[in-house]
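Below: the structure, in structure tokens.
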Amino acid sequence: MRDHNDAAITIDGVSKQYEGEGGTTTALREISLSVSSGEFVTVLGPSGCGKTTLLRLVSGLESPTDGDITVAGKLVQGPDPNRGTVFQAYHLFPWLTVRENVAFGLVEQGVPDAERQDRVQEMLEVIGLSNFADAYPKELSGGMKQRVGLARALAVDPDILLMDEPFGSVDMQTRRQLQHELIHIWRDTDKTVLFVTHDIEEAVALSDRIVVMSGTPGCVQATVSVAESRPRNRSAQWFVDQVETLFERIKSNT
Amino acid sequence: MATEFDPVADSSGIRSQPTTTTAFGREWNLTRLWYGFVGTAGFLAVWWAGGREVPSYLLPTPGEVAGALWAELVSGELLVHLGESLLHYIPGVAVGIVAGGLLGIGMGWSLVIDAALTPVVRVLRPIPPLAWIVFAIIWLGLGHTGAAFIVFIGAFWITFYNAYEGVESTSRDLIEVATTLGVDSNRRLLWRVVIPDALPGILTGVRTSVGQCWMMVIAAELFGAPGVGYEIITSANNLAMARSIAYMLVISVVFLLSDWAVRRVRSYLLDWQQ
Chain A
11 MRDHNDAAIT IDGVSKQYEG EGGTTTALRE ISLSVSSGEF VTVLGPSGCG
61 KTTLLRLVSG LESPTDGDIT VAGKLVQGPD PNRGTVFQAY HLFPWLTVRE
111 NVAFGLVEQG VPDAERQDRV QEMLEVIGLS NFADAYPKEL SGGMKQRVGL
161 ARALAVDPDI LLMDEPFGSV DMQTRRQLQH ELIHIWRDTD KTVLFVTHDI
211 EEAVALSDRI VVMSGTPGCV QATVSVAESR PRNRSAQWFV DQVETLFERI
261 KSNT
Chain B
6 MATEFDPVAD SSGIRSQPTT TTAFGREWNL TRLWYGFVGT AGFLAVWWAG
56 GREVPSYLLP TPGEVAGALW AELVSGELLV HLGESLLHYI PGVAVGIVAG
106 GLLGIGMGWS LVIDAALTPV VRVLRPIPPL AWIVFAIIWL GLGHTGAAFI
156 VFIGAFWITF YNAYEGVEST SRDLIEVATT LGVDSNRRLL WRVVIPDALP
206 GILTGVRTSV GQCWMMVIAA ELFGAPGVGY EIITSANNLA MARSIAYMLV
256 ISVVFLLSDW AVRRVRSYLL DWQQ
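Note that the protein sequences, when read in sequence, are chains A and B. Those letters in the first sequence? Residues 11 to 264, per the numbering used here, in order. Those letters in the second sequence? Residues 6 to 279, per the numbering used here, in order.
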């Protein structure tokens with residue numbers, strides 16, 4: 011276990027409401043959660059429980075109706091490249107090559123040319139797509155696209171990685187592979203990860219801590235720590251039991 | 006606005022043919038070529054048969070037209086008149102595309118500009134470019150400048166509309182991604198996301214403009230501006246119909262050439278598309 015020192019992300023009494031035609035909808039109610047630096051925390055919950063909304067609030071793409079979100083002691087008031095975001099639907103820039111997609115954030119930061127190229131090359135090697143550097147997204151499989159999405163977020167070396175069901179659109183085989191790679195990258199880079207998924211097994215395989223959410227309105231049901239070392243054996247008894255426990259917990263709340 | 010000049014060129018739906026990679030595809034392509042040949046020959050035969058029956062000033066035969074075309078070509082007149090047409094076509098199209106594209110991007114992006122200009126645009130846009138010919142004549146006279154003005158109006162609205170649509174429908178998701186990667190100004194957002202995302206639409210506008218504006222050119226020239234269209238009408242006034250048709254064919258050829266050129270540029274710029 012790494013030591014989880016100061017809080018990297020603090021979510022304090024956050025609520026989110028949307029004004030609609032049929033009145034006000036509460037998406038999140040009174041969420042409080044703290045993620046330590048270097049910790050891998052997964053928000054687990056059924057579709058529509060507001061877990062994606064929570065992630066969007068942390069990324070700064072939306073603002074809470076009530077409560078505060080602070081990252082490294084600073085109030086979140088908008089998106090920031092220090093909080094890299096990876097989306098389920100990849101959202102690669104289709105007119106840019108793999109290399110240019112990965113370089114996007116570095117260009118915006120004004121990183122000098124030579125340094126930028128080195129960094130992009132390094133990222134391409136991390137995700138194993140050096141041979142596809144000049145390919146356009148249309149030429150890539152779903153798994154490859156998400157690798158690029160990950161590399162694009164990581165290229166600017168953010169302290170925090172926000173991942174919104176990142177492996178939800180790829181097949182089982184690829185999903186396992188990507189989970190495996192993510193754990194490696196996380197270990198090597200010491201990022202703080204806030205990960206959103208509805209896949210219980212994925213949550214148990216990856217996380218230091220699992221935050222179980224239920225809806226609606228979305229609120230935190232429970233927090234479960236998983237102390238086992240990685241890589242985790244999915245057929246081990248503790249793993250099967252943990253998945254089952256979480257499954258029962260989610261089921262009883264919906 | 007669709008590229009209504011060449012509906013078959015991009016056919017990919019119900020009209021798409023078997024691919025050429027299969028044996029069947031090659032066979033079909035040969036058959037197609039053969040049918041095309043038969044159809045063209047049939048058309049020329051009917052034309053020829055009709056032309057033989059009536060005086061040349063009503064309908065010249067294909068042979069007479071070919072003769073007239075050749076005569077214009079060797080005398081150099083054809084190039085002179087084509088040059089005159091290009092002299093107002095090219096500046097009109099170029100300025101129209103740039104100005105229309107800029108206004109379309111501006112209105113599509115900025116809510117303020119959109120709100121301010123929408124009423125004016127709504128009223129002015131439906132006016133056919135040719136209606137402006139009265140102003141072209143009064144302000145500029147029907148020389149190159151007046152004709153270029155008509156062409157400009159045509160290219161302007163077509164490109165404006167396509168650019169506006171393209172920018173307005175920019176992917177919200179990609180804008181969000183860009184902001185999470187550190188894009189924090191409108192200028193960067195336009196440059197890095199909005200314009201590239203709207204480029205397919207803008208280029209459709211360019212292609213349609215380049216085609217449509219040949220019509221504006223001919224129309225302006227029928228009113229008296231020098232060029233290919235002027236030759237069509239003056240030849241007809243002299244009952245030299247073979248020469249008239251020869252210049253009509255010139256329009257067809259330059260249209261096909263310019264459309265081909267724009268398509269090449271377009272597929273080069275959009276090679277990232279599906």
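Here a beta-carbon is modelled for each residue, glycine too, at the ideal position from N, C-alpha and C.
Proximity below 9 Å, CB of residue i to CB of residue j
{"i": "A/Phe114", "j": "A/Arg162", "result": "yes"}
{"i": "B/Tyr105", "j": "B/Ile155", "result": "The sequence shown places Gly at residue 105 of chain B, rather than the Tyr named in the question. No, the Cβ-Cβ distance between B/Gly105 and B/Ile155 is not below 9 Å."}
{"i": "A/Leu38", "j": "A/Thr63", "result": "yes"}
{"i": "B/Arg130", "j": "B/Phe165", "result": "yes"}
{"i": "A/Val24", "j": "A/Pro74", "result": "yes"}
{"i": "B/Leu262", "j": "B/Leu208", "result": "no"}
{"i": "A/Val108", "j": "A/Val53", "result": "no"}
{"i": "B/Gly187", "j": "A/Gln119", "result": "yes"}
{"i": "B/Leu92", "j": "B/His149", "result": "yes"}
{"i": "B/Val198", "j": "B/Ser176", "result": "yes"}
{"i": "A/Ala18", "j": "A/Ser47", "result": "yes"}
{"i": "A/Lys26", "j": "A/Leu65", "result": "no"}
{"i": "A/Thr202", "j": "A/Asp167", "result": "no"}
{"i": "A/Gly55", "j": "A/His190", "result": "no"}
{"i": "B/Val259", "j": "B/Leu87", "result": "yes"}
{"i": "A/Asp181", "j": "A/Gly152", "result": "yes"}
{"i": "B/Gly319", "j": "B/Tyr169", "result": "Nothing can be reported for residue 319 of chain B, as the shown portion of chain B is limited to 6 through 279."}
{"i": "A/Val222", "j": "A/Val253", "result": "no"}
{"i": "A/Phe50", "j": "A/Ser217", "result": "yes"}
Chain-ordered chain B contacts of residue i [CB-CB under 8 Å]
{"i": "A/Leu71", "result": "Glu181, Thr184 and Thr185"}
{"i": "A/Cys148", "result": "In the sequence as presented, Cys is not what sits at residue 148 of chain A; that position holds Lys. What A/Lys148 touches in chain B: Trp277, Gln278 and Gln279."}
Same chain only: Cβ atoms within 8 Å of residue i, ignoring 5 sequence neighbours per side
{"i": "A/Gly70", "result": "Val86, Gln87, Gly88, Pro89, Asp90 and Arg93"}
{"i": "B/Gly2", "result": "Residue coverage of chain B in this structure runs from 6 to 279, which leaves residue 2 of chain B outside it and unanswerable."}
{"i": "B/Met220", "result": "Gly159"}
{"i": "B/Thr25", "result": "Because B/Thr25 sits at a pLDDT of 49, beneath the cut-off of 50, its placement in the model cannot be relied upon, and the following sentence gives the value as read from the coordinates. If we look at B/Thr25 and ignore the five residues flanking it on each side, its Cβ neighbours are Arg31 and Asn34."}
Chain B contact for residue i (CB, 9 Å cutoff)
{"i": "A/Val206", "result": "no"}
{"i": "A/Leu139", "result": "no"}
{"i": "A/Arg129", "result": "no"}
{"i": "A/Gly152", "result": "no"}
{"i": "A/Ala18", "result": "no"}
{"i": "A/Ala163", "result": "yes"}
{"i": "A/Arg93", "result": "yes"}
{"i": "A/Arg157", "result": "no"}
{"i": "A/Gly30", "result": "no"}
Same chain, Cβ closer than 7 Å to residue i, neighbours up to 5 away in sequence not counted
{"i": "A/Val136", "result": "Ala161 and Ile195"}
{"i": "B/Ala245", "result": "none"}
Within chain B, the residues that residue i reaches when beta carbons sit closer than 7 Å
{"i": "A/Pro89", "result": "Thr184 and Thr185"}
{"i": "A/Phe114", "result": "Leu186"}
{"i": "A/Pro104", "result": "Trp277"}
Residue-chain proximity (residue i, chain A), Cβ-Cβ < 9 Å
{"i": "B/Leu204", "result": "yes"}
{"i": "B/Arg197", "result": "yes"}
{"i": "B/Pro201", "result": "yes"}
Partners in chain A for residue i, counting only beta-carbon separations shorter than 8 Å
{"i": "B/Asp178", "result": "Phe97, Ala99 and His101"}
Where residue i meets chain A, residues with beta-carbon distance less than 9 Å
{"i": "B/Arg193", "result": "Glu118"}
Three-state class that DSSP yields for residue i in the structure shown
{"i": "A/Ser278", "result": "Lying before the first or after the last residue shown, residue 278 of chain A is absent from chain A, which here runs from 11 to 264."}
{"i": "B/Ser176", "result": "coil"}
{"i": "A/Gly94", "result": "strand"}
{"i": "A/Phe257", "result": "helix"}
{"i": "B/Leu108", "result": "helix"}
{"i": "A/Gly37", "result": "According to the sequence as given, residue 37 of chain A is Ala; it is not Gly. Note: A/Ala37 maps to strand in three-state DSSP."}
{"i": "A/Val158", "result": "helix"}
{"i": "B/Ser272", "result": "helix"}
{"i": "B/Gln278", "result": "coil"}
{"i": "B/Asp264", "result": "helix"}
{"i": "B/Gly146", "result": "coil"}
{"i": "B/Thr213", "result": "helix"}
{"i": "A/Gln231", "result": "strand"}
{"i": "A/Lys84", "result": "strand"}
Chain B residues whose Cβ lies nearer than 9 Å to that of residue i
{"i": "A/Val166", "result": "Leu186 and Gly187"}
Same chain, Cβ closer than 6 Å to residue i, five either side skipped, listed in chain order
{"i": "B/Asp15", "result": "Confidence is the limiting factor: at B/Asp15 the pLDDT is only 46, short of 50, which leaves the residue's position unreliable, though a coordinate-based value still follows. Within the same chain, B/Asp15 has no close Cβ partners at all."}
{"i": "A/Leu256", "result": "Ile210"}
{"i": "B/Val255", "result": "Val233"}
9 Å Cβ cutoff, residue i in contact with chain C
{"i": "A/Gly60", "result": "Looking at the structure shown, chain C is missing, and the protein chains on hand are A and B."}
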